[in-house]
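Comments concern the structure below.
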Amino acid sequence: MVPDAEFRSYYGQPVLKPPIWHEPHMPAYLYLGGLSGAAGAMAAAARLTGRDRLELAARMTAFAGASAGAVFLVAELGRPERFLNMLRVFKLTSPMSVGSWMLAAHSGLTGVAAGAAMTGLLTPAGDAASVASGLSGLAMATYTAVLLADTAAPSWHEGMRELPFLFSGSALASAGAALMLTTPRAQAGPARAAAAAGAVAEVVAGGLMERRLGLVGEPYREGRAGRLMRASRVLTLGGGLLATVAGRSRALTALSGLAITAGALCTRFGVLEAGRASAKDPRYTVVPQRDRLDAGRPASAPGR
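So this is what it looks like as structure tokens:
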């Protein structure tokens, strides 16, 4: 009896080269970029609705997230000049190029907004920068999902529909959690609402993605990535539920904010690990291609 064929490539090497992004640099950058983007959008909303204390906390959070995220990105690249080199050209067809310019613009805007808030100088310029950072923040919260989905790693590429919702929900929850911890409880109602809404969006998007992907969704459920994603769901959903009652005490606020933050970090580490696992195993590349060919679709087309 002939044994079942194993999915191996030439000389036993994987079909794809696994991503070489490092930990904790890349997951931290993904988390901080989303946090900064959502906080920037919340700062603009707070400005337009007259919530001064929340606006101040959001401006500072957006600037801190963008600055720390840039540090982790430079650490991932190895040398600062590599980031500067990415700004030499602008290519709309390259998520990395667009993302580099987006990060540079968003960081500058949050810096001006935070500086004006802290010093009281150039207030009109700071207000304008805050509103503009809200627009750039919306893109910052989702562009990293596009960056991952644009690669060949099956669990990232095939998840292109849900990853932006997963990351944007996580970013909103992260920003809400950070602002809950840095804004007086009496004025942190919008932050608690954002944390709860973002937590629900993150958990729902992740669950839908895993179910839709079928075989290619296995890396999100198995091994280290599976453990991280399960921990993320428990922490995020638990923190989101606590956010609805966190206004009653500082202890509940702290517990909710820390749980959501831990869940968001688990999401980034889990997604990164799932992409690596799917690239290492030829099964996740070969089987979907064969299924698409059997169905009469191009082998390189995304699964449906």
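Residue 1051 in the working numbering sits at position 280 of the sequence shown; the count goes up by one each step and never skips.
Beta carbons are placed, not taken as given, at the ideal position from N, Cα and C, and that holds for glycine.
Since the model is a prediction, treat every value here as computed from it, not as a measurement.
Within 9 Å, strictly: CB atoms of residue i and residue j
{"i": "Leu950", "j": "Ala828", "result": "yes"}
{"i": "Gly882", "j": "Gly808", "result": "no"}
{"i": "Arg830", "j": "Ala846", "result": "no"}
{"i": "Ala1084", "j": "Gly804", "result": "The structure shown does not extend to residue 1084, since the chain is modelled only from 772 through 1075, so no value can be given for it."}
{"i": "Leu1043", "j": "Glu794", "result": "yes"}
{"i": "Gly811", "j": "Ser904", "result": "yes"}
{"i": "Gly840", "j": "Leu806", "result": "yes"}
{"i": "Leu1012", "j": "Ala976", "result": "no"}
{"i": "Leu984", "j": "Val902", "result": "no"}
{"i": "Leu1008", "j": "Val974", "result": "yes"}
Spatial neighbours of residue i in its chain, beta-carbon cut-off 7 Å, leaving aside the 5 residues before and after
{"i": "Pro789", "result": "Arg1047, Ala1050, Lys1051"}
{"i": "Ala1017", "result": "Met951, Arg963, Leu1023, Thr1024, Ser1027"}
{"i": "Leu863", "result": "Val869"}
{"i": "Asp1062", "result": "none"}
{"i": "Ala885", "result": "Arg830, Met831, Phe834"}
{"i": "Thr1056", "result": "Val786, Leu787, Pro925"}
Residue environment, residue i, which counts as buried when at least 16 other CB atoms sit within 10 Å
{"i": "Arg1076", "result": "In the structure as shown, the chain starts at 772 and stops at 1075, and residue 1076 therefore has no counterpart that could be examined."}
{"i": "Ser939", "result": "buried"}
{"i": "Arg1019", "result": "exposed"}
{"i": "Ala715", "result": "Since the first residue shown for the chain is 772 and the last is 1075, residue 715 is missing from the structure and cannot be characterised."}
{"i": "Phe1040", "result": "buried"}
{"i": "Glu933", "result": "buried"}
{"i": "Met889", "result": "exposed"}
{"i": "Arg1075", "result": "Confidence at Arg1075 is low in this model, with a pLDDT of 42, below 50, so the placement of that residue should be treated as unreliable; the coordinate-derived value is given next. It counts as exposed."}
{"i": "Glu981", "result": "buried"}
Own chain, CB closer than 6 Å to residue i, minus 5 neighbours either side, in chain order
{"i": "Ser926", "result": "Val987, Pro990, Ala1045, Gly1046, Ser1049"}
{"i": "Leu1006", "result": "Ala1030, Ala1033, Gly1034"}
{"i": "Ala948", "result": "Ala966, Gly1028, Ile1031, Thr1032"}
{"i": "Leu801", "result": "Thr915, Arg1039"}
{"i": "Ala899", "result": "none"}
{"i": "Ala910", "result": "Met873"}
Alpha-carbon to alpha-carbon, residue j and residue i
{"i": "Ala924", "j": "Ala964", "result": "35 Å"}
{"i": "Ser930", "j": "Pro961", "result": "According to the sequence provided, residue 930 is Gly. The question's Ser does not apply to it. The straight-line gap from Cα to Cα measures roughly 30 Å."}
{"i": "Leu787", "j": "Gln1060", "result": "14 Å"}
{"i": "Asn856", "j": "Ile791", "result": "20 Å"}
{"i": "Leu979", "j": "Leu893", "result": "46 Å"}
{"i": "Glu993", "j": "Gly821", "result": "47 Å"}
{"i": "Arg859", "j": "His796", "result": "23 Å"}
{"i": "Gly891", "j": "Ser878", "result": "19 Å"}
{"i": "Leu943", "j": "Leu1036", "result": "13 Å"}
{"i": "Val842", "j": "Pro851", "result": "9 Å"}
{"i": "Gly969", "j": "Gly1010", "result": "11 Å"}
Heavy atom of the ligand NAP within 8 Å of residue i beta-carbon
{"i": "Arg859", "result": "What this structure holds is no ligand at all, so the ligand NAP is not there to describe."}
Cβ-based neighbour list, residue i, same chain, cut-off 8 Å, excluding 5 preceding and 5 following
{"i": "Leu848", "result": "Phe854"}
{"i": "Ala896", "result": "Val883, Ala887"}
{"i": "Thr954", "result": "Arg824, Leu825, Ala828, Ala962"}
{"i": "His1083", "result": "Outside the shown range of the chain, which is 772 to 1075, sits residue 1083, and nothing can be said about it."}
Residue ranges of each alpha helix (DSSP H) run of no fewer than 4 residues wholly in the region 943-1026, ordered along the chain?
960-984, 994-1014
Runs of alpha helix (DSSP H) lying entirely within the region 776-857, each at least 4 residues, in chain order
796-820, 823-848, 851-857
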